[in-house]
Amino acid sequence: MGFIAFLYSLIGLALLGGGLWLISLGGSWYFALAGVVLLLVAAKVRTKRGNAQLIYGLFLLASLVWALWESGYDWWALASRLGLFLILGIPLLFSYRLMGRSKISRLTAYWWLVALVTLGSMLNTTHHLEGKLNTSPLVQSPNLGDVPEGDWYSYGRSPLGQRYSPLAQVTPANVGQLELAWQYQTGDTKGKGDIGEFTYEATPLKIGNTLYFCTPHNWLVALDADSGERRWQYNAKVGTDNQRQHQTCRGVSYLPPATGEPVALTAAGSAQAETLPSIACDAQLYLPTSDAKLIALDPATGARCQNFADDGVLNLLHNMPFPKSGYYYSTSPPVVAKGVVLVAGAVNDNYDINSPSGVIRAYDVKTGDLKWNWDAANPTETQPIAKDKMYATSSPNSWSVASADPQLGLAYFPMGNRTPDQLGMYRTPDEEKYASSVVALRLDNGQAEWVQQFVHHDLWDMDTPAQPSLVDIQTSKGLIPGLVVPTKQGDVYVLNRATGEPIHPITEAPAPQGTIEGDFASPTQPVSALTFNPPPLEEKDMWGATALDQLYCRIQFRSLRYEGRYTPPSEQGTIVYPGNFGVFNWGGIAVDPERQVMFGMPLYLAFTSTLIPKDTGDLGEVNVGEHGVNANEGADYAVELKPFLSPLGVPCQQPPWGYIAGADLAQGKIIYQQKNGTVEDLTPLPLPIKMGVPGIGGPVITKGGLVFMAAAVDNYLRAYDLGDGEELWKARLPAGGQATPMTYLNSQGEQMVVIVAGGHGSIGTKLGDYVLAYQLRSQR
């Protein structure tokens, strides 16, 4: 028992020392007391005094009472608090040399009582909000965009960005019959010179009987929609650049032919379409690239469109200030509407205060001529910029996917912030007005029709991350043209897309104050009536795989600055919760315009933000990604951004971290919210324990009453019942499914479901290069 005594002593000292530190910060006394008990038990074991088991048994009972009082009957909370101590008690159960059998039996009873109570909590449905969405159509013949029923013309199916399909062959009753119909591998994989954020995030388009999608290195691939066989492939040959924060492509865009007839797709393409001579195009595909170009291609062959820009290639760095390599590029597909192709771009966060502009530009769909430009720093000057002029430096950008309503003549852009994100002293009044918002721009001249801001003086990188979904909302005043947009901080805003006025109320709530010298924090922040914003964190919400790393997380929680949502960044270090990964990110939501409901995947992960004065010396290793130390060249402060993790690399806040949820848009009310995803691909043993895990990606809703989504960090594509969120079917993916799926009809009129599975560098899912299509067994 010498080793056992040593182990108890070692853990006891760690608990006592850390516990006293926690007490000095105003935290719980439990860990220090637990350390004292373990040291006492160690002494009893070492001297073979007979009451060691009794003391330990009483300690287990007291720990159970404390754990239940602090966290309730919650498996993950109890396992973190009690698991280590149950394991440490096992040697005492079999230690017959220290005391009689009767006392051993008493310890055994205590041990089994605590273990059974803890294990029994696994059956408790804590954290579930049960409910049933309306499943009957409230709106007859809703506006779904001008897309044939069996096709998928835009990233969100139409420029409305609904991610809703009118197909109903696959239903809750038969979804269990879905089987893999075909799969395709692109061959575009992560290379030696690629950055860490190498991601497959593409949603394919389906036009005629061809699928079109892009890969991380900006290959545009055309596949036969029936068989998955390649028709042609265009390689933009962008090369690598270690200054990019992202190596990804979310999708391409499509201009239908002027005749209105379907594109005649033949086998005339090429395995290397980039070698074909350019041609005059009628229909066009637009490929955004990570080296800041927009390329127009012929859908039939993959040849470049000679009528567009410079032989089919438009250089997006024109008129850009500080056009540094890798600092500006497009990761999201442009919007095509009313004769223009609208292009926005990503500007690297926190690299340099002198960075390219976040300007949004409209080009003629056929010629590539600049029609207008809207820059948040100069919002009224939308006439095409002169060749010898420059756009504004580092102005707020729009890196996610935009939407458009051709009937209203408006495009809707989710706006980011001016870099650096955590330092607000460099911003102009116009930049302040349009940052972290949705802005409606006129398609004919680029003038701003309205703007609705979601964060005032954003110091947390709370960019509006997702495509606005345009859906007409049934209200007491009748049917209103609506816009629904989720935010990183968890609010879902429902606005009149014609005027920007809220359909469901927006209020202003007091926000924490106190910033570094020269900056300020807004005294209030907007709050939507429809919100997934979590309750503020408390010390009891801290977690860890064991009591030891939970103690570490509690010390960190008490040491860092945290006064709730919107606690300003600080030199002390600030907890940002919800974190800048977002309750919602670019995957956004799907809306059902008939049933007036939405489906999304809210996530809850805390981050930390620490400002580092440049005059204090060496910054250490500066990171080129979004996490780690970002240099903010030219500013007085660098910033260190990272997830709030324990020493074992698990989140410091207790699970669940990921949910699926359904909300009624007409009522502005969350109806259900349930844990989503398992730890199967997070642990050495592939245990499919439903924990509620993080993820990134988006859902698609069908008229058949289903939601298809992968996204979670376990590698599955899932189908959910839209009505209550029940998981009805899942298919194992060969790589991470961090892309939004889509659905279409093949040439035989059969419904297919397709997802790109290639993983995501920043969340660590398995990388790959797969496109997978599923079909009902009865149709194969």
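Residue numbers (this note's numbering): 791 to 1570. Where a beta carbon is used, it is the ideal one built from N, C-alpha and C, also for glycine. All figures in this text were calculated on a predicted structure; none of them were measured in a lab.
Between the alpha carbons of K1278 and L897 lies a distance of about 49 Å. In terms of Cβ geometry, M1499 and L1512 do not form a close pair [threshold 9 Å].
A straight line joining the alpha-carbon of L923 with that of E1516 spans about 12 Å.
In terms of Cα proximity to Y1181, the closest of L1160, G1148 and L1132 is G1148.
Excluding residues up to 5 positions away in sequence, L1395 lie with their Cβ nearer than 6 Å to the Cβ of F1371 in the same chain. Here the stretch 1453-1462 lies against the stretch 1369-1389, with 3 or more beta-carbon pairs under 8 Å apart. For the stretch 1181-1242, the full-length alpha helix (DSSP H) segments reaching 4 residues or more read 1219-1224 along the chain. Rounded to the nearest whole angstrom, the CA to CA distance from S1259 to T1049 is 29 Å.
Counting only residues of its own chain and dropping the five nearest sequence neighbours on each side, Y820 has a CB closer than 7 Å to the CB of W856. With the rule of 3 Cβ pairs closer than 8 Å, the stretch 934-943 does not count as touching the stretch 875-886. DSSP lists L1507 as the beta-bridge partner residues of A1521. Comparing alpha-carbon positions, the option among V1546, A1012 and G1018 lying closest to G1558 turns out to be V1546. Restricted to the stretch 804-874, not a single beta strand (DSSP E) segment is unbroken, complete and at least 3 residues in length. In this structure, A1380 and G1488 form a Cβ contact; the two beta carbons are roughly 7 Å apart against a cut-off of 8 Å. Look at K1432 here: in three-state DSSP terms it is strand.
With distances taken between CA atoms, L919 lies nearest to A1451 out of V1544, E1540 and A1451.
Restricting attention to Y1202, T1218 and T1079, the CA atom closest to the CA of L1273 is found in Y1202.
For G1390, the beta-bridge partners assigned by DSSP are A1451. Exclusion of the five residues before and after S1188 leaves A1134, G1148, I1150, F1203, P1204, M1205 and G1206 as the residues of its chain whose Cβ lies within less than 7 Å of its Cβ. At least 9 Å separates the beta-carbon of Q1074 from that of L1106. P881 sits in a helix when the DSSP states are folded into three classes. When the beta-carbon positions are compared, F1397 and P1255 stay at least 9 Å from each other. Annotated as distal: G951 and Y943, with beta-carbon spacing of 9 Å or more.
With a 10 Å radius around the Cβ and a threshold of 16 neighbouring Cβ atoms, M1542 comes out buried. Between the stretch 1320-1334 and the stretch 1435-1452, the count of C-beta pairs closer than 8 Å reaches three or more; the two stretches touch. With respect to the C-alpha of T1406, the residue from S1226, A1501, Y1427 and H1246 having the closest C-alpha is Y1427. Distance from the CA of L913 to the CA of G1554, rounded to the nearest whole angstrom, comes to 30 Å. Taken in chain order, the complete alpha helix (DSSP H) segments of 4 residues or longer contained in the stretch 1311-1399 are 1337-1349. D1081 counts as buried, since at least 16 other C-beta atoms from the protein chains shown sit within 10 angstroms of its C-beta.
Linking L968 to N999 through their CA atoms gives a straight-line distance of about 21 Å. In chain order, K1114, S1115, G1116, Y1117, N1138, Y1141 and V1414 place their CB closer than 8 Å to the CB of Q1033, counting only its own chain and leaving out the 5 sequence neighbours on each side.
DSSP places E1019 in the coil class of the three-state scheme, outside both helix and strand.
S1552 and W1009 have their alpha carbons spaced roughly 21 Å apart. Per the Cβ contact rule, the stretch 1279-1293 is not in contact with the stretch 1340-1351 (fewer than 3 Cβ pairs under 8 Å). Linking V1366 to K1480 through their CA atoms gives a straight-line distance of about 26 Å. For T1265, the three-state secondary structure derived from DSSP is strand.
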